[in-house]
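Here's the structure we're looking at; comments come further down.
Number of protein chains: 2
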Amino acid sequence: MTDTIDRDAAAQPVKTIMRDTLADVEQHDSVRDVAAELTADEIGAVLVGGPMGPIGVLSERDVVTLVAMGADLDNEQAQAVMTTDLVSADVHDSIADVGRQMIENRVRHVVVRKDDRIVGIVSMRDVLDALLAGV
Amino acid sequence: MTDTIDRDAAAQPVKTIMRDTLADVEQHDSVRDVAAELTADEIGAVLVGGPMGPIGVLSERDVVTLVAMGADLDNEQAQAVMTTDLVSADVHDSIADVGRQMIENRVRHVVVRKDDRIVGIVSMRDVLDALLAGV
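Residue numbers (UniProt numbering), protein chains in the order written: chain H, 1 to 135; chain S, 1 to 135.
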């Protein structure tokens, strides 16, 4: 039983694995539209675009919480229910550090900033994939 | 920049990190009830219990897909929409191997079997946490 994890990968900057297709949904889109986007792209969260760039994140978890609350999914707008207090990392932070942020903050997605601008998003799947890649 | 991953943790059997509270919802529960369970427990998936034990898994992703489809969440039963083709591991499989199964099968949860019985479930979060634990 040999199980070696790729230490080099763990130390790489997160920018090497982030997704940089941003603002997948708009602030006035309905939660139903966001669910369709999440399903079509098989992703766990989308960035919500505002007039000046991304203004929040909406995740599968958020949608499920709204379902549990009995919210009106066709009339609830993305901007009203998105998370704006984003867990974020710098493009130069290591993949392992971003993974630790996910565990500590109980989130599956971290937005990636360069200076003060959001330039990408990274998922727990991306982090795990990178850590196991060298095996 | 030092980033060391816990190789010993990666080689541990998955049974050391699995959750063994099973059958959180019943087969006739509605999708809305399942969403409430997922939200209350802050988990990404539940095992669906049948008369003889767990018969499937229902995840956040499944709920979001049903929302996208416009399904009737109060009348759709767990057993009708759950995943029965479960990605499973043996209690003795290593944590790293279970992580690889998640990546390859694009799932966030793997059920854990001992002989032919489901005895637990493990999430991507549990795997990542274990890999980063020794750092």
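Think of the CB as a built atom: it goes at the ideal place given N, C-alpha and C, for glycine as much as any other residue.
Simplified DSSP state of residue i, which is helix, strand or coil
i, result
"L58(H)", "strand"
"R117(S)", "strand"
"A36(H)", "helix"
"G70(H)", "coil"
"Q77(H)", "strand"
"E104(H)", "helix"
"T84(S)", "coil"
"A96(S)", "helix"
"M1(S)", "The pLDDT assigned to M1(S) is 36, lower than 50, so where the model puts this residue is not dependable, and the model offers no usable value."
"A11(S)", "helix"
"A130(S)", "helix"
"V135(S)", "Because V135(S) carries a pLDDT of 46, less than 50, the predicted location of this residue cannot be relied on, and the following value inherits that uncertainty. Reduced to three states, the DSSP call for V135(S) is coil."
Span separating the alpha-carbon of residue i from that of residue j
i, j, result
"V111(H)", "V122(H)", "6 Å"
"S94(S)", "D8(H)", "21 Å"
"residue 199(S)", "S59(H)", "With chain S represented from 1 up to 135, any question about residue 199(S) goes unanswered, as that position is not in the structure."
"T65(H)", "G44(S)", "11 Å"
"G120(H)", "V57(H)", "12 Å"
"I118(S)", "E26(H)", "42 Å"
"T2(H)", "R125(H)", "The pLDDT assigned to T2(H) is 41, lower than 50, so where the model puts this residue is not dependable, and the model offers no usable value."
"D129(H)", "L131(S)", "12 Å"
"V135(S)", "A11(H)", "Here the model assigns V135(S) a pLDDT of 46, short of 50, so the residue's position is not dependable and the matter cannot be decided."
"P13(S)", "K114(S)", "12 Å"
"S88(S)", "D62(S)", "18 Å"
"D85(H)", "D29(S)", "34 Å"
"D74(H)", "R32(H)", "6 Å"
"L68(S)", "A133(S)", "The question names Leu, but residue 68(S) is Ala in the sequence shown. Each residue's Cα considered, the two are about 37 Å apart."
"Q77(S)", "T83(S)", "12 Å"
"A40(S)", "R108(H)", "17 Å"
"A80(S)", "A71(S)", "12 Å"
"D116(S)", "D24(S)", "20 Å"
"V127(H)", "P54(H)", "22 Å"
"A96(S)", "E42(S)", "24 Å"
"N105(H)", "K15(H)", "20 Å"
Which residues DSSP lists as bridging residue i, in chain order
i, result
"L47(S)", "V57(S)"
"A89(S)", "V112(S)"
"E26(H)", "G49(H)"
"R19(H)", "I121(H)"
Legend entry - At least three beta-carbon pairs within less than 8 Å, the segment 99–114 of chain S to the segment 30–37 of chain S: No, the segment 99–114 of chain S is not in contact with the segment 30–37 of chain S.
Legend entry - Inter-stretch contact (C-beta, 8 Å, three-pair minimum) for the segment 49–65 of chain H and the segment 14–26 of chain S: no
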